[in-house]
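In this text, residue positions in the sequence shown follow UniProt numbering: the first is 1, and each later residue adds one.
Cβ coordinates follow ideal geometry from the N, Cα and C atoms, glycine included.
Encoded as C-alpha cells, the structure appears first; notes follow it.
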Amino acid sequence: MSSDKTILTILNETIEPGESKEVSFDVANLHTSTPVHIPVIIERAKKPGPTVLFTAGIHGDEVNGVEIVRQIIAKGINKPKCGTIICMPVINIFGFINLNREFPDGRDLNRVFPGSPKGSLASRVAHKLIHEVIPHVDYIMDFHTGGSDRFNAPQIRIAEGERKPKQLAKIFGAPFILYSKNLNKSFRNTCAKLGKTLLLFEGGKSFHIDDLVTNSGVNGAKRVLNHLDMLSSKYKASTPKKTPIIIGESKWIRAKYSGMFKAVVKINSKVQKGDALGNITDPYGKLNYFVKAQNTGYIINVNEAPIVYQGDALFHISTKLKK
Numbered sequence: 001m002s003s004d005k006t007i008l009t010i011l012n013e014t015i016e017p018g019e020s021k022e023v024s025f026d027v028a029n030l031h032t033s034t035p036v037h038i039p040v041i042i043e044r045a046k047k048p049g050p051t052v053l054f055t056a057g058i059h060g061d062e063v064n065g066v067e068i069v070r071q072i073i074a075k076g077i078n079k080p081k082c083g084t085i086i087c088m089p090v091i092n093i094f095g096f097i098n099l100n101r102e103f104p105d106g107r108d109l110n111r112v113f114p115g116s117p118k119g120s121l122a123s124r125v126a127h128k129l130i131h132e133v134i135p136h137v138d139y140i141m142d143f144h145t146g147g148s149d150r151f152n153a154p155q156i157r158i159a160e161g162e163r164k165p166k167q168l169a170k171i172f173g174a175p176f177i178l179y180s181k182n183l184n185k186s187f188r189n190t191c192a193k194l195g196k197t198l199l200l201f202e203g204g205k206s207f208h209i210d211d212l213v214t215n216s217g218v219n220g221a222k223r224v225l226n227h228l229d230m231l232s233s234k235y236k237a238s239t240p241k242k243t244p245i246i247i248g249e250s251k252w253i254r255a256k257y258s259g260m261f262k263a264v265v266k267i268n269s270k271v272q273k274g275d276a277l278g279n280i281t282d283p284y285g286k287l288n289y290f291v292k293a294q295n296t297g298y299i300i301n302v303n304e305a306p307i308v309y310q311g312d313a314l315f316h317i318s319t320k321l322k323k
C-alpha cells in the first residue's frame with residue numbers, strides 16, 4: 001500500500017507528498033516514428049492515505065469512460081484530501097487515435113493480462129501497467145461502455161462473493177450491481193489475483209457520450225472517494241436516488257429474425273413477462289415481429305442498432321436478483 005509519507009516513485013518519476021505531476025506511460029511510437037505520450041496525472045495530498053487509480057480507454061472506442069475520467073480531472077475531483085489519486089484516461093491510446101476497440105495488432109488489451117515484456121504491443125502495455133503502476137495502488141475504478149450499438153445501463157460489475165468490492169459498489173451507487181465472473185486474462189481478474197480492489201463500471205455504448213452515464217460515473221467516483229475520506233471539502237458526495245439493484249443472474253434476448261429493429265422499452269426499466277420490448281420488421285412491409293420479455297426483470301442493455309441479424313443480442317435482462 002502507498003499510504004505512508006514516503007516519496008512515490010512510478011514510471012521512473014518521483015512524486016512527493018503534496019506534489020502534482022504528469023508522467024508518461026510510453027510503450028511504442030506510431031508507425032510514422034511519431035512519439036506517443038500517454039499522460040498519467042498524479043495528485044498527492046500532504047496527508048497520507050490510500051492510493052486510488054482511475055482508468056479508462058482499455059478499449060479505444062469506449063469514449064464515455066474516457067469522458068468520465070476527463071471530468072474527474074477537469075473538475076479537480078482528483079485532488080485528494082489525503083492519499084494519492086492517479087488518473088489514466090486513455091490506456092489504449094493506439095486504439096483511441098483510430099477509434100478502434102483493439103490495438104493495431106488486432107488484440108483486445110482486456111484479454112492479454114498480465115502481459116509480457118516480449119509479447120505483442122497489447123501484451124507489453126498490459127505488462128507495464130501491471131508491473132509499474134498497479135503495485136503502487138490500493139483501489140481501482142475502471143470505466144467501460146457497451147459495444148456495437150449495445151447501450152449499457154450504468155452498472156458496477158463484480159464477482160459474487162467479493163466482500164470489499166461489493167461494499168464499495170453499493171457506495172458507488174450506480175443503478176445496478178451485476179455479478180459477473182472475472183474473465184481469464186482480463187484486467188479485473190489480474191488485479192483480483194494481486195489483491196487489489198477493483199470496481200468495473202459499464203455504461204453507455206461505444207463511439208458515444210451520454211450525460212446520464214457520465215454523471216453516474218463521476219458521482220459514483222465522488223462517493224467512493226468520500227467513503228475513503230479522500231474527497232476534497234470543496235465537493236459534496238450526493239446520495240443515490242435509489243439503492244442499487246443487485247443482479248445475480250441475467251441473460252440475453254436474441255433476434256429471432258434478421259431485419260430492421262426498433263426497441264420500445266427504456267433502459268433501466270422493469271418489465272413483466274410477455275411485455276413487448278421492441279419489434280423487427282423487413283423493408284417490404286411483410287414482417288412485423290414483436291420481441292417479448294421471456295421473464296420479469298430489469299432491462300440493463302438495449303441494442304440501438306437499426307439493422308440486426310438473426311442471433312444478435314437485443315436486450316440484456318435480469319433473471320435473478322440478490323441482496
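Residue i in three-state terms, based on DSSP
| i | result |
| --- | --- |
| His31 | coil |
| Asp4 | Its pLDDT being 48, under 50, Asp4 is placed unreliably by the model, and nothing is read from it. |
| Cys82 | coil |
| Pro244 | coil |
| Glu16 | coil |
| Ala263 | strand |
| Phe25 | coil |
| residue 332 | Past the edges of the chain, shown from 1 to 323, lies residue 332, and the structure says nothing about it. |
| Leu11 | coil |
| Leu183 | coil |
| Leu199 | strand |
Option in the options with minimal Cα separation from residue i
| i | options | result |
| --- | --- | --- |
| Ile317 | Lys79, Leu194, Lys292, Val63 | Lys292 |
| Ile140 | Pro114, Thr214, Leu53, Asp108 | Leu53 |
| Thr197 | Arg163, Ile280, Asn279 | Arg163 |
| Val27 | Leu231, Val125, Phe290 | Val125 |
| Pro165 | His136, His131, Gly146, Leu200 | Leu200 |
| Asn92 | Arg254, Val40, Leu314 | Val40 |
| residue 330 | Pro175, Ile209, His136 | One cannot answer for residue 330 here, as it falls past the ends of the chain, which runs 1 to 323. |
| Leu183 | Thr51, Lys205, Arg157 | Arg157 |
| Gly190 | Asn12, Ile209, His127 | Checking the sequence shown, residue 190 turns out to be Thr, not Gly. Here the closest residue by C-alpha is His127. |
Unbroken alpha helix (DSSP H) run spanning residue i, endpoints
| i | result |
| --- | --- |
| residue 329 | No statement about residue 329 is possible, as the shown extent of the chain runs from 1 to 323 and does not include it. |
| Asn189 | 187–193 |
| His127 | 121–132 |
Short Cβ contact (8 Å threshold) for residue i with residue j
| i | j | result |
| --- | --- | --- |
| Gly60 | Arg111 | no |
| Tyr235 | Ile86 | no |
| Phe270 | Tyr298 | Looking at the sequence itself, residue 270 is Lys, so the reference to Phe does not match. The answer is yes: Cβ separation under 8 Å. |
| Ala192 | Tyr179 | no |
| Ala56 | Ile42 | no |
| Ala255 | Asp312 | yes |
| Phe151 | Ile247 | no |
| Phe290 | Asn303 | no |
| Ser206 | Gly147 | yes |
Residues sharing a beta bridge with residue i, DSSP
| i | result |
| --- | --- |
| Asn152 | Gly204, Asn301 |
| Phe172 | For Phe172, which the question treats as bridged, DSSP gives no partner whatsoever. |
| Ser250 | Ser318 |
| Met88 | Thr55 |
| Ala276 | Lys292 |
Endpoints, beta strand (DSSP E) assigned at residue i
| i | result |
| --- | --- |
| Arg223 | No beta strand (DSSP E) contains Arg223, which is instead part of the alpha helix (DSSP H) from 211–227. |
| Glu43 | 39–44 |
| His144 | 139–146 |
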